[in-house]
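Following: one structure in structure tokens, then a few remarks.
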Amino acid sequence: MLLDSIRTQLDALSKSEKKVAVAVLKNPDLAVSGNITALAKNAQVSEPTVVRFCRALGYDGWHEFKLKLAQTLALALPNADESLLQDDLAADLVNKICSRSINTLLDLRNNLQPAAIEKALDVLARSNKIEFWGQGTSGIVAADAQHKFFRSGVPTVAYADPHIHAISAALLMKGDTVVAISQRGNSTALLHSVQLARRVGADVVALTPSGTPLSDLATVLVPIDLSFNIDPYTPISARLAHLVVIDILAVGLALKGGPEFRKKMQNAQKALQKLDMQFDSFLRHPPKI
């Protein structure tokens, strides 16, 4: 949600901008129903400070921010932000976790920039090789991405070990592309590898929050701005958002490939189905020993 994004960026705001953020977080409905003058008065700042706050979050001004906040509140599901409790029943878990995941995807849909996706697809479509880098949970996302992209016919690999992607970075060439995946965008090891990749002329598509060190190094930034202020029992919703962005890029690349690419995908699918049929036959009629 937009409110989660505001919480995430609190430390990066100035003292006066932070007052506006606190006022919005404390009563978002009031911020939507009122005007800029009312919000400025409530936050005890000037109206230009409210505008600077909106621009610090990536919006052109007050009206665009207010519209996005209104959309967020209208789409939000009830109980999505409730913390999990020790005595929660299974029904509570289903409601809270599913609601949180749904809200994450709604927020992603409302904020993901089509222009950034298009730029990333242009880079990926002309790549000689695509490497997916991540660490920890993002390493798992990288592996999922490699699984989806290798059918494209472009050589793809996924590395989650910082030592390995550092070595690989030094061996890249112009025309190669790295998709760097990070939920926080500040991993020292990943940043080092990305710097090496840029130094040798490779492109870097970063799936990470805006305003992070990784985003500054990217050839193309696909910003995924979500909150990490969640309790330890709640699944990390950022992982779900990253997986969906990977799906968008994979499908987009397939569509850019045209009929020839579609034929390759169909051949790959047929090969997989044939293997499944052979395995099924083996299970039904195992060889006699």
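Each number in the working numbering corresponds to the 1-based position in the sequence shown with 906 added.
All C-beta atoms, glycine included, are put in the ideal place defined by N, C-alpha and C.
Alpha carbon to alpha carbon, how far is residue j from residue i? Give it in angstroms, no decimals.
{"i": "Gln1179", "j": "Lys1054", "result": "17 Å"}
{"i": "Ala1064", "j": "Ala1108", "result": "16 Å"}
{"i": "Val1029", "j": "Phe1038", "result": "14 Å"}
{"i": "Asp993", "j": "Val1157", "result": "42 Å"}
{"i": "Thr1083", "j": "Cys960", "result": "33 Å"}
{"i": "Lys1169", "j": "Leu1077", "result": "32 Å"}
{"i": "Ser911", "j": "Leu1132", "result": "5 Å"}
{"i": "Phe971", "j": "Gln1184", "result": "56 Å"}
{"i": "Leu916", "j": "Ile1023", "result": "27 Å"}
{"i": "Asp987", "j": "Val938", "result": "Unreliable placement is indicated for Asp987, whose pLDDT of 49 sits below 50; no coordinate value is reported for it."}
{"i": "Ser1099", "j": "Val1126", "result": "16 Å"}
{"i": "Thr914", "j": "Leu1189", "result": "52 Å"}
{"i": "Leu909", "j": "Asn1017", "result": "12 Å"}
Considering only C-alpha positions, which residue in the set the options is nearest to residue i?
{"i": "Ile1073", "options": "Asn1034, Tyr965, Val1106", "result": "Val1106"}
{"i": "Leu1012", "options": "Phe959, Ile1130, Ser1187", "result": "Ile1130"}
{"i": "Asp1050", "options": "Asp917, Ile1154, Gln1172, Arg913", "result": "Ile1154"}
{"i": "His1148", "options": "Asn1001, Leu1097, Pro1115, Thr914", "result": "Pro1115"}
{"i": "Gln1019", "options": "Tyr965, Asp998, Ser1005", "result": "Tyr965"}
If we call anything under 9 Å between Cβ atoms a contact, is residue i one with residue j?
{"i": "Ser1121", "j": "Gly1091", "result": "yes"}
{"i": "Thr1062", "j": "Lys1035", "result": "yes"}
{"i": "Thr978", "j": "Ala1144", "result": "no"}
{"i": "Val951", "j": "Trp968", "result": "no"}
Is the segment 937 to 946 in contact with the segment 907 to 923, if contact means three or more CB pairs nearer than 8 Å?
-> With a cut-off of 8 Å, the segment 907 to 923 and the segment 937 to 946 do not count as touching, because too few Cβ pairs lie within range.
May I have a chain-ordered list of the alpha helix (DSSP H) segments no shorter than 4 residues that lie completely inside the segment 923 to 954?
-> Listed in chain order, they are 934 to 939, 942 to 949.
At which residue ranges does the segment 1012 to 1085 contain complete beta strand (DSSP E) runs of 3 or more residues, listed in the order of the chain?
-> Fully enclosed beta strand (DSSP E) runs of no fewer than 3 residues occupy 1035 to 1039, 1062 to 1065 of the segment 1012 to 1085, in order along the chain.
3 or more residues per run - each beta strand (DSSP E) lying fully within the segment 1097 to 1133 | Here the runs fully enclosed are 1109 to 1114, 1126 to 1129.
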